[in-house]
Structure formats: structure tokens, C-alpha cells
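S.K.: Under the working numbering, the first residue of the sequence shown is numbered 5, with each subsequent residue one higher. Cβ atoms here follow ideal geometry from the backbone N, Cα and C, with glycine treated the same way. Next up is a structure, given as C-alpha cells.
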Amino acid sequence: MAGVSFDSETIHRMPGSLPFSSALITGGGGGTGKALATYLINTHKIKIGAPGYYVLDMGDTASIAPFVAKITAEHPELDCLINNAGVQRPLDIQREAPADFLDKADNEININVKGPLHLTIGLLPHLRARAEAKAQGPDGSASSTAAAIINVSSVLGFVPFSIVNPIYNGTKAWLHFWSINLRTQLRGTGIAVFEIAPPTVATDLHRERADPDDNKKDKNPGALSVDKFVDEVGKRLVAGGDTIGAGMSMDVVERWYGEFRGMCKGYEATNFFCLSPIRQWT
Numbered sequence: 005m006a007g008v009s010f011d012s013e014t015i016h017r018m019p020g021s022l023p024f025s026s027a028l029i030t031g032g033g034g035g036t037g038k039a040l041a042t043y044l045i046n047t048h049k050i051k052i053g054a055p056g057y058y059v060l061d062m063g064d065t066a067s068i069a070p071f072v073a074k075i076t077a078e079h080p081e082l083d084c085l086i087n088n089a090g091v092q093r094p095l096d097i098q099r100e101a102p103a104d105f106l107d108k109a110d111n112e113i114n115i116n117v118k119g120p121l122h123l124t125i126g127l128l129p130h131l132r133a134r135a136e137a138k139a140q141g142p143d144g145s146a147s148s149t150a151a152a153i154i155n156v157s158s159v160l161g162f163v164p165f166s167i168v169n170p171i172y173n174g175t176k177a178w179l180h181f182w183s184i185n186l187r188t189q190l191r192g193t194g195i196a197v198f199e200i201a202p203p204t205v206a207t208d209l210h211r212e213r214a215d216p217d218d219n220k221k222d223k224n225p226g227a228l229s230v231d232k233f234v235d236e237v238g239k240r241l242v243a244g245g246d247t248i249g250a251g252m253s254m255d256v257v258e259r260w261y262g263e264f265r266g267m268c269k270g271y272e273a274t275n276f277f278c279l280s281p282i283r284q285w286t
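Below you can see the structure in the form of C-alpha cells.
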């Protein structure tokens, strides 16, 4: 079905619907990944591959191509990749031994950057084929449902105010810019690209810090519970936004785009739902 074209503005900006029905979520065993999976299954009846789990080391790029072959063979209906897995490590360049610093930094870059990159590129042919196959509805009419890539970045990819994790901040900045350019390059293919930029969320992401609970509400008033985060993101996702903030990240993302969106070709297509007051959803 080569040559099928799509109007990307009508594919993933249909309020109340999602442009996919079967999703692969990395890091889906806990935290925001598990919560997103639960939300998609319960609210939108999205197939996540439950009850089975797949084990994949996102830092081992050599294992990604065989994994892609396996999961697309076992789940040919797969039409969405959610790059959610990530690690955050506190690193102090003045205190860490150089070899230790580089070892931890390389591992963090492999998981947060190279893993999503290799998985995305590996799945693109399959996602494109799925989008083309769904270009026509069963009655012969054009279908607005296609395929999707959802990248979970961070507010720290916009403003790196948490200086204790310099590598993490950089990897999330990469994921942010990758999402922008990927969205632009895939325009017209039927593959929608979303970015979710979480604020501090009460998960175990800070497990390597001196105080692993410093992202909990009782110690950080700006932190969101996992349930609150997923509730906000879910509502904005179906509302049609492709760059989505929650909690305090809403203001940061909107201010960032307000300042810079006009300086890069393709920003004009970004439709961000970041400052929509919660009262609009109640």
C-alpha cells in the first residue's frame, strides 16, 4: 500500500479518541508506565499485551532488533509505541571517580536515549505498514485511526533545574527535541507523535538519591501522585494535544513553546495542551 497519504491534522486531533488500539509500553511494570497501561486498558480498552510481559533491557541495543521481530510477529496488531522506560541517577562530577561517573552516565544514556531511538527506528516499518493498512475503513471509507509514538520526556528536558541529575536532564532534553523533529518528519505518514512531559511524580524514580522519597507529596508539595498524573495526561491526550504537561510542567511547557516554537520549522504544527485548567475537565 505504498503511497498512501494522510492528513496528520485530522489523524490524531480528534477529541475523545486515540489513534491506536494496541500499545507497547516500555517500563510498564511499575510507576507511570503501569499506571498508563491500566488507564489505557480500563478507559479506552487498549490492548497492552496483558496478561503476558516481555523482558527487554533498553540499555542493550543489540537485543532490540530481535525483540522487535518477536513482538511484531506475536502482535501484528501493534500500532503504538510508548517510550516510557528511563532511569535517573544522582551524579556529582566533582565527587565521583571519573571511571564511575562515565560508567553510570553511559548506562543512563543507553537506557534513556539509545534504547528509545533503536526501538523507534526498529518499529517504524511496522507502524507505517499498520497505518497504511488502516488508511481505509472496512466500508472503504478513509479511516482517521492510524498509529502512534508517545515519548515520555520530563519537565527537566525543558528547564534543567534539578542539578543533581545532569545526565538525566540531558537525555530528556534529547527526547524532547527528538519528538519535535520526529513529528515533523513523519507528517503525512499516518503516524502521530506525542510527547508527555511529566513534572515530579511520586514514583520510585528517585530510588538512588540520598532521600528516595523526596518526590513524594509530603516532602514536595509540587509533586503529583501517579493517579493524578495519569488522570491529567489522559484527558489532555484524548483532547487532541500532542505535547502534554501535567501539574507544574504545564506552565513550563507552554512558556517554552511560547518563546521558541516559531524558530524551528515544524513547530507551527505542534498543538500543546499544557495550561488547560483542570476545571475544564470536571
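#1: Taking DSSP's pairing of strands, which residues face Ile195 in a bridge?
#2: Under the rule that 16 or more other beta-carbon atoms within 10 Å means buried, what is Ser293, buried or exposed?
#3: Give the range of the alpha helix (DSSP H) segment to which Thr247 is assigned.
#4: Between Phe162, Ser166, Ala135, which has its C-alpha nearest Ala151's C-alpha?
#5: Which of helix, strand or coil does DSSP assign to Leu28?
#6: Taking buried to mean at least 16 other C-beta atoms within 10 Å of its own C-beta, is Leu228 buried or exposed?
#7: Please identify the residue among Pro120, Leu131, Arg240 whose C-alpha is closest to the C-alpha of Leu179.
#8: Can you tell me whether Lys74 is buried or exposed? The criterion is at least 16 other CB atoms within 10 Å of its CB, across all chains shown.
#9: Do Leu128 and Ile86 have their beta-carbon atoms positioned less than 8 angstroms apart in this structure?
#10: Quick one: grab the DSSP three-state call for Val168.
#11: Using the Cβ count rule (16 or more neighbours within 10 Å means buried), how would you classify Phe165?
#12: Quick one: is Gln92 buried, meaning 16 or more other Cβ sit within 10 Å of its Cβ, or exposed?
#13: State the start and end residues of the unbroken alpha helix (DSSP H) segment that holds Ile113.
#14: Take the Cβ of Tyr172 as the centre, count every other Cβ of all protein chains shown within 10 Å, and call the residue buried at 16 or more, exposed below.
#15: So Ala177 and Asp246 are in contact, right, with Cβ under 8 angstroms, and what is the actual spacing, rounded?
#16: Is the beta carbon of Trp260 sitting closer than 8 angstroms to the one on Phe181?
#17: Between which residues of its own chain and Leu160 is the CB-CB distance below 7 angstroms, once the five residues before and five after are set aside?
#18: Measure the alpha-carbon distance for Met252 versus Ile184 and round it to whole angstroms.
#19: Under three-state DSSP, which class holds Ile86?
#20: Quick one: what's got a C-beta closer than 7 angstroms to Ile113's C-beta in the same chain, skipping five residues either side?
#21: Rounded to a whole number of angstroms, what is the C-alpha to C-alpha distance between Gly32 and Gly90?
M.R.: On the basis of the coordinates in this document:
#1: Reading the sequence shown from its first residue, position 191 is the one you call residue 195. Note: Ile195 sits in a beta bridge opposite Ala151.
#2: Only positions 5 to 286 of the chain appear in this structure, which leaves residue 293 out of reach.
#3: Sequence index remark: in the sequence shown, residue 247 carries index 243 (1-based). It is not in any alpha helix (DSSP H) - Thr247 instead sits in the beta strand (DSSP E) that spans 247 to 249.
#4: Counted from its first residue, the sequence shown places residue 151 at position 147. Relative to the Cα of Ala151, the nearest Cα in the group Phe162, Ser166, Ala135 belongs to Ala135.
#5: Translated into the one-based positions of the sequence shown, residue 28 becomes position 24. In the structure shown, Leu28 sits in a strand (DSSP, three-state: E or B).
#6: By one-based count along the sequence shown, residue 228 stands at place 224. When all chains shown are included, Leu228 counts as buried.
#7: Along the sequence shown, one-based indexing puts residue 179 at 175. Taking only the C-alpha atoms, the option nearest Leu179 is Pro120.
#8: Here residue 74 refers to the residue found at position 70 when the sequence shown is read from its first residue. Exposed, because fewer than 16 other Cβ atoms sit within 10 Å of the Cβ of Lys74.
#9: Residue mapping note: residue 86 aligns to position 82 of the sequence shown, counting from 1. Residue mapping note: residue 128 aligns to position 124 of the sequence shown, counting from 1. Contact annotation: Ile86 and Leu128 have beta-carbon atoms that are not nearer than 8 angstroms.
#10: Here residue 168 is taken as the residue at index 164 of the sequence shown, counted from 1. When DSSP states are grouped into helix, strand and coil, Val168 belongs to the coil group.
#11: For the purposes of this step, residue 165 is taken as residue 161 along the sequence shown, with counting starting at 1. By the neighbour-count rule (16 or more Cβ atoms within 10 Å), Phe165 is not buried but exposed.
#12: Here residue 92 refers to the residue found at position 88 when the sequence shown is read from its first residue. When all chains shown are included, Gln92 counts as buried.
#13: As a working mapping, residue 113 is identified with position 109 in the sequence shown. 102 to 113 is the extent of the alpha helix (DSSP H) around Ile113.
#14: Translated into the one-based positions of the sequence shown, residue 172 becomes position 168. The residue is buried, with at least 16 neighbouring Cβ atoms inside 10 Å.
#15: The count along the sequence shown starts at 1 and reaches residue 177 at position 173. The count along the sequence shown starts at 1 and reaches residue 246 at position 242. Their Cβ separation, rounded to whole angstroms, is 18 angstroms, which puts Ala177 and Asp246 out of contact at 8 angstroms.
#16: The sequence position of residue 260 within the sequence shown is 256, counting from 1. The sequence position of residue 181 within the sequence shown is 177, counting from 1. Contact: no.
#17: Translated into positions along the sequence shown, residue 160 becomes position 156. Closer than 7 angstroms at Cβ, skipping near neighbours: Ser166, Tyr172, Asn173, Lys176.
#18: Taking the sequence shown and counting its residues from 1, one reaches residue 252 at position 248. Taking the sequence shown and counting its residues from 1, one reaches residue 184 at position 180. Taking the straight line joining both Cα atoms gives about 21 angstroms.
#19: Position 82 of the sequence shown, counting from 1, holds the residue named residue 86. DSSP places Ile86 in strand when its eight states are reduced to three.
#20: The count along the sequence shown starts at 1 and reaches residue 113 at position 109. Once the five neighbours on either side are set aside, the close Cβ partners of Ile113 are Ile171, Thr175.
#21: If you number the sequence shown from 1, residue 32 lands on position 28. If you number the sequence shown from 1, residue 90 lands on position 86. Their backbone Cα atoms lie some 11 angstroms apart in a straight line.
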